[in-house]
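In what follows, a single structure is set out as structure tokens and then discussed.
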Amino acid sequence: MNNERFFGRMRPLCMVISGLCASTVFAAVATPAVLQVSASSQPALMHAKLWSTGHSPNDYLVSEKLDGVRAFWDGQVLRFRSGLPIAAPAWFTAALPATALDGELWLGRGRFDELSGTVRRQTPVDADWRRVQYMIFDLPGASGGFSERAQRIAALLAQVNQPWLQAVPQQTVPDANALNQWLKQTAQAGGEGLVLHRANALWSPGRSDALLKLKLQPDAEARVVAHLPGKGKHAGRLGALLLELPDGQRFALGTGFTDAQRESPPPLGAVVTYRYRNHTPKGLPKFASFVRVRED
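The sequence shown runs 5 to 300 under my numbering.
Here it is, written out as structure tokens:
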């Protein structure tokens with residue numbers, strides 16, 4: 005299927021979701037429990053599970069999975085998903101509405117390291133932040149199904165009218181074959197993958213069956229519990245990370261590191277992202293490879 009035919013089969017969000025009246029656009033966008041987040045606590049956010057290939061995407065709105073840094077705006081403070089504040093310039097946060105927002109700080113495909121360096125500085129560099137976009141994909145605590153919330157996002161950001169504050173485009177996909185075609189095209193263009201959000205799903209914090217991610221090669225996270233010494237050409241530096249999964253199982257991750265990362269490995273206690281192909285009968289990842297440290 006060529007690109008023109010493929011994208012012609014996917015209808016834009018505005019064509020598949022009925023419009024909402026202006027009086028409901030900003031109603032019930034956040035609950036006090038969402039807005040009141042201490043500096044040391046994690047905000048209550050939705051987190052994705054893995055998409056099961058072969059299922060129909062008909063009930064979902066689909067978007068590209070952006071390779072950015074997740075950022076939660078609680079109406080007053082911009083935070084990493086850990087709850088720690090992001091040192092953004094005053095002009096950046098002053099333009100944000102008094103409404104809870106969930107999205108990604110983003111520079112573009114393949115620019116995560118550059119973005120991470122920009123948004124994690126304690127003293128923001130204004131010129132660097134001028135290139136950052138805040139891509140919004142949900143309204144934490146808001147009422148209504150996801151399709152309704154997506155409409156509210158569009159209306160809210162149109163009122164704010166800042167070029168760096170954008171809604172993540174949502175589209176419908178007709179079938180599993182079209183979904184896989186889009187995934188391959190996204191990966192070939194340097195994208196991470198796709199996100200599928202059930203159109204009628206209410207907002208609910210935690211890992212949800214209503215929010216699913218799809219990649220050519222899935223990824224997961226685990227905590228560093230030890231540095232295993234290297235051998236041969238890696239003697240005297242990191243050979244592998246001993247990682248602990250959420251269920252308590254441990255495994256050694258020894259591939260995917262640069263020379264610099266082997267000389268200065270992720271610290272004990274850090275959470276790292278790794279890619280893998282499938283699982284062993286015991287549930288351990290097979291053919292795992294290091295991706296990055298989750299620095300939030």
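Idealized CB from N, CA, C, for every residue including glycine.
By the Cβ neighbour-count rule, E68 is buried, with 16 or more other Cβ atoms within 10 Å of its own. Residues A48, L49 and M50 of the same chain have their beta carbon placed closer than 7 Å to that of P209, with the five preceding and five following residues left out of the count. Bridge pairing for N282: K290 [DSSP]. Bridge partners of W110 according to DSSP: Q137. The Cβ atoms of I140 and L111 lie no closer than 7 Å to each other. Per the C-alpha coordinates, the member of K237, G273, D63 and W207 positioned closest to G145 is W207.
For the 7 Å CB-CB criterion, R279 and V295 form a contact. CA-to-CA, the gap between Q221 and T277 works out to about 12 Å. Note that the C-beta distance between W77 and L109 is not below 7 Å. Distance from the Cα of F261 is smallest, within the candidate group I90, A182 and P270, for P270.
A contact is defined here as three or more CB-CB pairs under 8 Å, and the stretch 174-193 fails this definition with respect to the stretch 246-262. Considering only A203, R266, A102 and D263, the residue with the shortest C-alpha distance to D63 is A203.
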